[in-house]
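>
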């Protein structure tokens with residue numbers, strides 16, 4: 001597909017996005033709906049025609065000698081999970097291998113050049129001090145942590161080619177939301193706030209992939225956690241761990 005056709009489709013998708021339906025509860029005041037798939041707004045319609053016709057195009061970097069097999073296995077795992085797919089996109093961002101705290105490998109895509117071409121999403125991330133101020137009077141606390149948080153969401157088909165990244169073993173694009181897009185944190189926070197709209201600021205405080213549930217008593221806390229888990233189940237959100245304090 002030619003670059004101008006891809007851009008036209010992205011623009012058309014943007015114009016129709018507001019009419020999509022979701023499972024989020026609504027009020028009589030046409031409350032904003034939660035998107036059926038998380039879609040960080042990687043928009044290019046604000047650029048000039050010349051800029052739009054100049055996609056991010058990088059040549060792959062060699063993988064250090066101790067890592068090729070590990071990187072290939074990592075890519076195969078992403079393909080098996082359906083998180084990425086082979087691509088024919090004109091875009092090609094670079095990748096870098098990073099070790100996580102537990103020693104396992106993480107493949108990071110360098111989206112800096114793509115981010116410079118993208119429209120910034122300015123949805124606010126909560127301030128820590130505001131969250132602490134909201135905990136007054138509570139004695140029981142639980143932190144619910146999502147697993148592979150961003151990867152639980154999906155990208156729209158028309159926007160997947162923009163996320164293409166190049167490796168020695170081919171070109172791939174993301175099906176699920178990757179790390180590194182400039183608007184991902186804002187879109188993720190918005191999605192969690194829609195998911196927990198009825199409970200937010202009352203019994204829980206979502207902060208990206210973490211959610212702080214707070215209560216006055218143990219019995220009340222159990223009920224609050226149950227309500228939060230029901231919302232997560234309704235929206236298909238998966239958790240990895242829960243920490244309880246008092």
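In full-length UniProt numbering, the protein residues as written are 1 to 246.
Cβ coordinates follow ideal geometry from the N, Cα and C atoms, glycine included.
Bear in mind the structure is a predicted one, so any value in this text is a computation, not a measurement.
Specify the secondary structure class of residue 25 as computed by DSSP and reduced to three states.
Residue numbering aside, residue 25 sits at position 25 when the chain shown is read from its first letter. Residue placement at residue 25 is flagged as unreliable, the pLDDT there being 38, under the threshold of 50; the coordinate-derived value follows with that caveat. DSSP places residue 25 in coil when its eight states are reduced to three.
> If we call anything under 8 angstroms between Cβ atoms a contact, is residue 90 one with residue 129?
The residue given as residue 90 occupies position 90 in the chain shown. The residue given as residue 129 occupies position 129 in the chain shown. No. Outside cutoff.
> What did DSSP end up calling residue 167 once you bin it into helix, strand or coil?
Translated into positions along the chain shown, residue 167 becomes position 167. Residue 167 falls in the strand class under three-state DSSP.
> Could you give the distance in angstroms between the alpha-carbon of residue 189 and the alpha-carbon of residue 96?
Counting from 1 along the chain shown, the entry for residue 189 is found at position 189. Counting from 1 along the chain shown, the entry for residue 96 is found at position 96. Whole-angstrom Cα-Cα distance: 26 angstroms.
> Taking the alpha-carbon of residue 174 as reference, which of 123, 107, 207 and 147 has the nearest alpha-carbon?
The residue you call residue 174 lines up with position 174 of the chain shown. That would be 107, whose Cα lies nearest to the Cα of residue 174.
> Closer than 7 angstroms by C-beta to residue 230: which residues in its own chain qualify, once you throw out the five before and the five after it? Chain order, please.
Counting from 1 along the chain shown, the entry for residue 230 is found at position 230. So the list is empty, once near-sequence residues are dropped.
> Note down the Cα distance separating residue 15 from residue 158, rounded to an integer number of angstroms.
For this step, residue 15 is matched to residue 15 along the chain shown. For this step, residue 158 is matched to residue 158 along the chain shown. Note on residue 15: pLDDT 44, under 50, position unreliable in the model; no value is reported.
> Could you tell me the distance, in whole angstroms, from the CA atom of residue 242 to the CA atom of residue 221?
By 1-based counting over the chain shown, the position of residue 242 is 242. By 1-based counting over the chain shown, the position of residue 221 is 221. If I take the Cα positions, the gap works out to 13 angstroms.
> Determine the burial state of residue 224: buried for a count of at least 16 other Cβ atoms within 10 Å of its Cβ, exposed for fewer.
On the chain shown, position 224 is the one that residue 224 refers to. Answer is buried; the Cβ neighbour count reaches 16.
> Ignoring anything shorter than 4 residues, give me the alpha helix (DSSP H) runs that lie fully in the stretch 77–131, in order along the chain.
Runs found: 112–116.
> With a threshold of 8 angstroms, are at least 3 pairs of Cβ atoms found where one atom belongs to the stretch 131–144 and the other to the stretch 178–193?
No contact exists between the stretch 131–144 and the stretch 178–193.
> Roughly how many whole angstroms lie between the Cα atoms of residue 146 and residue 207?
By one-based count along the chain shown, residue 146 stands at place 146. By one-based count along the chain shown, residue 207 stands at place 207. Spanning the two alpha carbons is a distance of roughly 11 angstroms.
> For residue 211, which residues does DSSP report across the bridge?
Indexing the chain shown from 1 puts residue 211 at position 211. 144 and 206, per the DSSP bridge assignment.
> My guess is that residue 257 and residue 92 are in contact by the Cβ rule of under 8 angstroms, so how many angstroms apart are they, rounded?
Residue coverage of the chain in this structure runs from 1 to 246, which leaves residue 257 outside it and unanswerable.
> Do residue 215 and residue 120 come within 8 angstroms of each other at the CB atom, strictly closer than that value?
One-based indexing of the chain shown puts residue 120 at position 120. One-based indexing of the chain shown puts residue 215 at position 215. Not closer than 8 angstroms, so no.
> For residue 187, count neighbouring Cβ atoms within 10 angstroms of its own Cβ and tell me buried if that reaches 16, exposed if not.
Looking up residue 187 in the chain shown gives position 187. By the neighbour-count rule (16 or more Cβ atoms within 10 Å), residue 187 is buried.
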